[in-house]
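Student: Submitted below is the structure of interest, expressed as structure tokens.
2 protein chains.
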Amino acid sequence: MVTLKQLAKELNVSISTVSKALNNSEEIGKETIKRVKELAELYNYKPNKVALSLKQNRTNTIGVIIPDILNHFLSKVLFGIEREASLHGYNIMTCISNESLEKEKESLQLLANGSVDGFILCVSEETQIKNEIEHFKQTIKQGLPIVMFDRVAHDVLCDKVIVDDFDATYRATKNLLDENRKQIAFMSNIDDLSVGKLRERGYNKAILESQDYKPLVLNIKKEDNAQDKIIAFMKKHKNIDAVISADSASGVIAINVATSLGLKVPKDISVIGFSSQSVSNHSIPRLTTIRQHAKEIGANAAQMLIKRLQNITGEPYDFKTKIVKTSLVKNGSTL
Amino acid sequence: MVTLKQLAKELNVSISTVSKALNNSEEIGKETIKRVKELAELYNYKPNKVALSLKQNRTNTIGVIIPDILNHFLSKVLFGIEREASLHGYNIMTCISNESLEKEKESLQLLANGSVDGFILCVSEETQIKNEIEHFKQTIKQGLPIVMFDRVAHDVLCDKVIVDDFDATYRATKNLLDENRKQIAFMSNIDDLSVGKLRERGYNKAILESQDYKPLVLNIKKEDNAQDKIIAFMKKHKNIDAVISADSASGVIAINVATSLGLKVPKDISVIGFSSQSVSNHSIPRLTTIRQHAKEIGANAAQMLIKRLQNITGEPYDFKTKIVKTSLVKNGSTL
DNA sequence: GTGAAAGCGCTAACAA
DNA sequence: TTGTTAGCGCTTTCAC
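Just so you know, the sequences run in chain order A and B. Numbering of the first sequence is given in the UniProt record's numbering, commencing with residue 1 and proceeding in unit increments. Numbering of the second sequence is given in the UniProt record's numbering, commencing with residue 1 and proceeding in unit increments.
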């Protein structure tokens with residue numbers, strides 16, 4: 001990489017002259033600016049980002065810590081973050097916590113040493129179970145702002161972007177009750193997570209309000225094979241006439257299982273699930289879907305962080321929690 | 001963030017003493033080392049990474065440029081890269097090219113200014129179609145090594161990690177012929193990509209070798225709805241008794257479509273597709289799958305890059321192309 | 001055993 | 001209009 005020094009030498013001027021010329025400083029003569037720029041162009045000069053970062057005490061880089069990049073929802077959020085960051089001239093450094101508290105702490109520590117200006121993260125499963133928040137607080141105390149999304153630690157003071165999980169399943173369940181469904185099952189492989197719990201509560205509330213019916217819940221563990229579990233469950237409870245899935249897979253699987261058991265979807269049984277467009281294509285009929293607008297969540301998180309980073313005036317302002325509303329996209333798996 | 005300067009001041013020693021003490025230099029007295037380390041611990045001192053990078057002319061960061069993070073295969077490779085990099089003390093900066101040549105060039109430019117030590121990338125679709133390679137060559141000339149994976153530019157001299165695409169579909173097709181299938185259809189939504197073409201050629205070769213049968217290909221465009229296309233195709237060609245899918249979705253969809261058309265899988269029709277474990281769960285029976293070992297691809301790419309980065313001895317060595325063999329995982333959708 | 005000073009590449013206050 | 005200098009945080013050579 002060519003440096004200011006080399007340009008200066010070749011042009012027989014000082015380093016600062018070159019620097020100023022490239023930054024269109026008023027101080028420098030037109031002719032000099034031209035000469036400098038031409039040579040810089042020729043050598044394809046680009047200012048060294050590391051040196052700039054050191055000087056300006058600012059890296060224009062956002063640290064993103066994600067529990068699981070194979071999760072379609074999370075990678076979609078990452079997509080949204082990247083796009084928004086890129087738009088504002090920020091890069092992102094991605095770490096994957098693998099749902100582990102230890103890795104999450106490590107990543108936070110590692111990137112907090114000047115590599116990034118702030119963080120966007122989704123709390124890992126282990127962190128939520130153990131309810132640890134010290135590492136977040138410490139990072140914030142060090143002056144690095146955090147924006148949490150989806151799974152958040154309520155006791156940490158920072159910006160947050162969440163989904164209306166409770167409401168989403170409450171409304172979806174109501175919807176099924178309005179279809180005159182009587183035995184609505186709830187399936188989830190995320191009952192350890194805050195969002196999983198909220199979704200289950202929304203379902204429960206709607207069911208209990210109905211007076212006549214009662215909840216029926218299938219919790220799928222990470223080590224289970226989802227398809228086998230759902231087959232067994234549906235064989236056992238033959239009276240199920242509707243399913244709500246809290247995760248992105250079991251909805252589609254439930255449709256396929258129902259079909260293979262000879263049921264007609266949606267005549268005999270309705271299914272609603274959290275999912276994305278691409279996955280909802282994996283069943284016939286297509287899954288009626290609770291869309292979480294993952295990209296918007298990512299974009300919102302990035303905006304909130306960047307706004308805070310660019311608030312150089314110094315005046316701190318209150319932390320916000322933005323709720324991105326889900327929407328119910330009706331496809332063929334409901335009446 | 002606390003700096004060496006601050007520690008030095010508080011301890012009434014020089015900055016260099018503190019630096020040496022923290023690095024366990026022989027030059028420094030035991031007692032001093034102890035005092036320094038205690039204070040550093042107390043203040044949770046961590047060396048500033050940006051300063052280190054500037055000094056050492058090395059960032060310990062890998063730039064990753066991926067065409068599409070919502071593609072399950074690609075995000076799995078990313079996972080593999082991240083894990084391997086993390087293991088060796090490297091961070092990754094991720095850019096998403098969105099299959100655009102322009103964005104790919106931009107990302108390369110942006111990160112080449114001292115932000116990263118080298119690149120791992122998968123060539124974007126537009127780049128492959130236009131067959132542009134200048135930006136890669138220039139980056140390499142600047143001294144930043146590149147490792148390409150999956151979709152590679154053959155005319156660029158660099159390390160590569162690829163899949164045995166041709167062989168995979170050749171063998172899979174053979175497999176179906178051995179099952180005595182007569183009309184084997186090939187479905188793809190990636191016929192623009194180098195890997196898509198290779199996969200189609202492998203299929204063609206096997207079919208043509210069989211003498212008796214002829215190829216039948218369905219190309220699905222990005223703007224098409226895959227499910228609708230496949231339904232129409234299978235209704236039109238009722239004699240299809242086997243399907244090979246070159247992308248990760250159409251295999252699963254084909255099973256669901258076949259079932260909905262009253263066919264028994266695998267009795268009446270066999271299906272094989274490129275896919276991952278999680279998606280192969282989205283049909284009943286489960287899809288017989290060509291596994292690409294995405295994580296290994298990522299890990300291999302990271303290893304190759306890191307090896308080159310750490311080859312400080314200077315002697316350049318030949319570029320390698322590593323082929324990660326696919327494997328055929330038999331599930332219920334074949335005999 | 002400890003400290004001073006140079007230098008990585010850049011910007012900016014100040015001097016000329 | 002141009003150049004000198006200091007400094008961002010760190011390592012390392014050389015001097016004391």
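Just so you know, even glycine gets a beta-carbon here, dropped at the ideal spot from N, CA and C.
Quick one: what's residue 185 of chain B bridged to in DSSP?
Tutor: Reading the second sequence from its first residue, position 185 is the one you call residue 185 of chain B. DSSP lists B:216 and B:243 as partners of residue 185 of chain B.
Student: So residue 278 of chain A contacts chain B; which residues on that side make the cut at Cβ distance below 8 angstroms?
Tutor: In the first sequence, counting from the first residue as 1, residue 278 of chain A sits at position 278. Those are 70 and 249, listed as they occur along chain B.
Student: Could you check which residue in A:295, A:222 and A:147 has the C-alpha nearest to that of residue 319 of chain A?
Tutor: In the first sequence, counting from the first residue as 1, residue 319 of chain A sits at position 319. Nearest C-alpha to residue 319 of chain A: A:147.
Student: May I ask which residues mark the beginning and end of the alpha helix (DSSP H) holding residue 118 of chain B?
Tutor: Within the second sequence, the letter at position 118 stands for residue 118 of chain B. Residue 118 of chain B -> not in any alpha helix (DSSP H); beta strand (DSSP E) instead, spanning 118-121.
Student: Nearest to residue 199 of chain A by alpha carbon, out of A:165, A:103 and A:113?
Tutor: Within the first sequence, the letter at position 199 stands for residue 199 of chain A. The option with the nearest alpha carbon to residue 199 of chain A is A:165.
Student: Below 8 angstroms on the Cβ atoms is my contact criterion, and I expect residue 334 of chain A with residue 288 of chain A to pass it. Report the Cβ-Cβ distance as a whole number of Å.
Tutor: Position 334 of the first sequence, counting from 1, holds the residue named residue 334 of chain A. Position 288 of the first sequence, counting from 1, holds the residue named residue 288 of chain A. About 4 angstroms separates the two Cβ atoms, so the contact holds.
Student: Residues of chain A with CB closer than 8 angstroms to the CB of residue 226 of chain B, please, in chain order.
Tutor: Looking up residue 226 of chain B in the second sequence gives position 226. Those within 8 angstroms of residue 226 of chain B in chain A are 281.
Student: Residue 161 of chain B lies in the alpha helix (DSSP H); which residues open and close that run?
Tutor: Here residue 161 of chain B corresponds to residue number 161 of the second sequence, with the count starting at 1. Element bounds for residue 161 of chain B: not the alpha helix (DSSP H) but the beta strand (DSSP E), 159-163.
Student: Specify whether the region 170-182 of chain B and the region 231-238 of chain B touch according to this definition: at least 3 beta carbon pairs, one from each stretch, less than 8 angstroms apart.
Tutor: no
Student: The region 48-75 of chain B: which residues have C-beta closer than 8 angstroms to a C-beta of chain A, in chain order?
Tutor: 48, 49, 50, 51, 53, 54, 59, 61, 69, 70, 72 and 75
Student: Does the separation of the CB atoms of residue 202 of chain B and residue 116 of chain B fall below 8 angstroms?
Tutor: Position 202 of the second sequence, counting from 1, holds the residue named residue 202 of chain B. Position 116 of the second sequence, counting from 1, holds the residue named residue 116 of chain B. No.
Student: Measure the C-alpha to C-alpha separation of residue 276 of chain A and residue 248 of chain A and round it to an integer number of angstroms.
Tutor: Here residue 276 of chain A refers to the residue found at position 276 when the first sequence is read from its first residue. Here residue 248 of chain A refers to the residue found at position 248 when the first sequence is read from its first residue. Rounded to whole angstroms, residue 276 of chain A to residue 248 of chain A spans 8 angstroms at the Cα level.
Student: Taking residue 2 of chain A as the reference, give the member of A:216, A:297 and A:40 with the closest Cα.
Tutor: Here residue 2 of chain A refers to the residue found at position 2 when the first sequence is read from its first residue. Ranked by Cα distance from residue 2 of chain A, the options A:216, A:297 and A:40 are led by A:40.
Student: Residues of the region 248-271 of chain B in Cβ contact with chain A at a cutoff of 8 angstroms, in chain order, please.
Tutor: 249, 252, 253, 256, 257, 259 and 260
Student: Under the three-state reduction of DSSP, which class applies to residue 73 of chain B: helix, strand or coil?
Tutor: Here residue 73 of chain B refers to the residue found at position 73 when the second sequence is read from its first residue. Helix at residue 73 of chain B.
Student: Is the distance from the Cβ of residue 256 of chain A to the Cβ of residue 283 of chain B below 8 angstroms?
Tutor: As a position in the first sequence, residue 256 of chain A is number 256, starting the count at 1. As a position in the second sequence, residue 283 of chain B is number 283, starting the count at 1. Cβ distance < 8 angstroms, so residue 256 of chain A and residue 283 of chain B count as in contact.
Student: Please list, in chain order, the chain B residues whose beta carbon lies closer than 8 angstroms to that of residue 113 of chain A.
Tutor: The residue labelled residue 113 of chain A in the question sits at position 113 within the first sequence. Under the 8 angstroms cutoff, chain B gives 1, 46, 47, 48 and 49.
Student: With contact counted as at least three CB pairs below 8 angstroms, one residue from each stretch, are the region 77-85 of chain A and the region 27-47 of chain A in contact?
Tutor: no
Student: How is residue 327 of chain B classed by DSSP in three states: helix, strand or coil?
Tutor: Sequence index remark: in the second sequence, residue 327 of chain B carries index 327 (1-based). Note: residue 327 of chain B maps to strand in three-state DSSP.
Student: To which residues does DSSP link residue 271 of chain A through a beta bridge?
Tutor: Translated into positions along the first sequence, residue 271 of chain A becomes position 271. Looking at the DSSP assignment, residue 271 of chain A forms a beta bridge with A:243.
Student: Name, going along the chain, the residues of the region 92-114 of chain B whose beta-carbon falls closer than 9 angstroms to a beta-carbon of chain A.
Tutor: 92, 93, 94, 95, 96, 98, 103, 106, 107, 109, 110, 111, 112, 113 and 114
Student: Can you find the residues in the same chain that come closer than 8 angstroms, C-beta to C-beta, to residue 130 of chain A, ignoring five residues on each side of it along the sequence?
Tutor: Here the question's residue 130 of chain A lines up with position 130 in the first sequence. Cβ neighbours of residue 130 of chain A beyond the five flanking positions: 101.
Student: Excluding the 5 residues preceding and the 5 following residue 153 of chain B in the sequence, name in chain order all residues of the same chain whose CB lies nearer than 7 angstroms to its CB.
Tutor: For the purposes of this step, residue 153 of chain B is taken as the residue at position 153 of the second sequence. Answer for residue 153 of chain B: 123, 133 and 136, listed in chain order.
Student: I want to see whether chain A comes within less than 8 angstroms of residue 41 of chain B, judged by CB atoms only; does it?
Tutor: Taking the first residue of the second sequence as 1, we reach residue 41 of chain B at position 41. No, its Cβ sits nowhere closer than 8 angstroms to a Cβ of chain A.
Student: Have a look at residue 310 of chain B and residue 143 of chain A and give me their C-alpha separation to the nearest angstrom.
Tutor: Against the second sequence, residue 310 of chain B aligns to sequence position 310. Against the first sequence, residue 143 of chain A aligns to sequence position 143. If you draw a straight line from the Cα of residue 310 of chain B to the Cα of residue 143 of chain A, it is about 33 angstroms long.
Student: How close, in whole Å, do the beta carbons of residue 155 of chain A and residue 308 of chain A come, if the pair is a contact with beta carbons under 8 angstroms?
Tutor: Working through the first sequence from its first residue, we reach residue 155 of chain A at position 155. Working through the first sequence from its first residue, we reach residue 308 of chain A at position 308. No, residue 155 of chain A and residue 308 of chain A are not in contact; Cβ-Cβ is about 19 angstroms, not under 8 angstroms.
Student: Can you confirm whether the region 263-282 of chain A touches the region 215-231 of chain A when touching is taken to mean that 3 or more C-beta pairs between the two stretches lie within less than 8 angstroms?
Tutor: no
Student: Please report whether the beta-carbon of residue 78 of chain A lies at a distance below 8 angstroms from any beta-carbon of chain B.
Tutor: Locating residue 78 of chain A in the first sequence gives position 78, where the first residue counts as 1. Taking Cβ atoms only, chain B reaches closer than 8 angstroms to residue 78 of chain A, which makes this a yes.
Student: Identify each residue in the region 120-153 of chain A for which the Cβ-Cβ distance to at least one residue of chain B is less than 9 angstroms, and report them in chain order.
Tutor: Answer in chain order: 138, 142 and 143.
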